[in-house]
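Undergrad: Sequential numbering of the sequence shown, starting at 114, is according to this note's numbering.
No residue lacks a Cβ here, since even glycine has one placed at the ideal position from N, Cα and C.
One structure follows; several queries about it will come next.
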Amino acid sequence: MTRRNKAITMLSLATILFSCNNGTKTENATSTTNEEVKPVVSHVMTKEEQVKLTPDAVLQEFIEGNKRFQSGVTILRDHSQQARKSAPGQYPKAVVLSCIDSRVPVEDVFDQGLGDVFVGRVAGNFVNEDLLGSMEFACKVAGAKLVLVMGHQHCGAIKGAIDDVKLGNLTVMLSKIKPAVAMSQDFTGEKISKNDEFVKHVSENNVRLAMKNIREKSPILKEMEDKGEIKIVGAFYRLTDGLLEVIK
Ligand SMILES: [Zn+2]
């Protein structure tokens, strides 16, 4: 690299660093994307705002956030400011139970910011006592209005359960997903992990089982749902285009 090129590279790097710093540290700053000036949001949920939310409104907001994510036109957020503002207390809208899969970034998928959502993650998004306790805290104590169980396309945990993988602690973990495989034997095509349609079918049944377990094993959440204080919803996330399908 010539001296001149090196100098230009250093200048470009400095410009990038300055731009990033400017975009994330300045409250009420603006950022330019495709020549469109968008405000940077630093607001965080307040208790008053959380109390006014209904479960249906939160679900609708998440569906709209997912549409923004799919289209690539998401809200610009100042995470540094949101971290400071949310530090004294949190008033999230929902609790999402997701797989640990690195391709399913929950806050991004719903275009939500800091303090907006509790996230419980375990490979294969099943419930156990710890996750049920976490959900009860999220809803009964911290005021969340929506419990969303989210499975996803090409889930390795689901494939592992279908293939009856045996490996260390994974063996016991996958046994929690086996009931969904057993429930899916009505599938008419090839029941193997290489068949994407079968993997999807098992993933959806796995979400249905998680919702059933939440209702059966958490009288607290069941009562809140019966009273209309929360909604328990299942969804399937498609990796290929970011689409979220609600599971009936
Ligand atoms: Zn997964």
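Under a three-way DSSP split, which group does E358 fall into?
TA: strand
Undergrad: Is any non-hydrogen atom of ligand 1 found closer than 6 angstroms to the C-beta of D276, if you look at the structure I gave you?
TA: no
Undergrad: Look at the alpha carbon of R216 and the alpha carbon of L357, and state the distance between them as a whole number of angstroms.
TA: 14 angstroms
Undergrad: Mind checking who Y350 pairs with in its DSSP beta bridge?
TA: H265 and L357
Undergrad: Taking only runs that begin and end inside the segment 139-206, name each unbroken beta strand (DSSP E) of 3 or more residues, in chain order.
TA: 143-146 and 149-154
Undergrad: Roughly how many angstroms lie between the CA atoms of K291 and I275, to the nearest whole one?
TA: Going from the Cα of K291 to the Cα of I275 covers about 7 angstroms.
Undergrad: Tell me the rounded alpha-carbon separation between S328 and E174.
TA: The question names Ser, yet the displayed sequence has Arg at residue 328. Those two C-alpha atoms are separated by around 24 angstroms.
Undergrad: Closest to A236 by C-alpha separation, out of R190, K160 and G269, would be which residue?
TA: G269
Undergrad: Report yes or no: do the segment 218-235 and the segment 175-183 share at least 3 C-beta pairs separated by less than 8 angstroms?
TA: yes
Undergrad: Less than 7 angstroms between the C-beta atoms of F231 and A251, yes or no?
TA: yes
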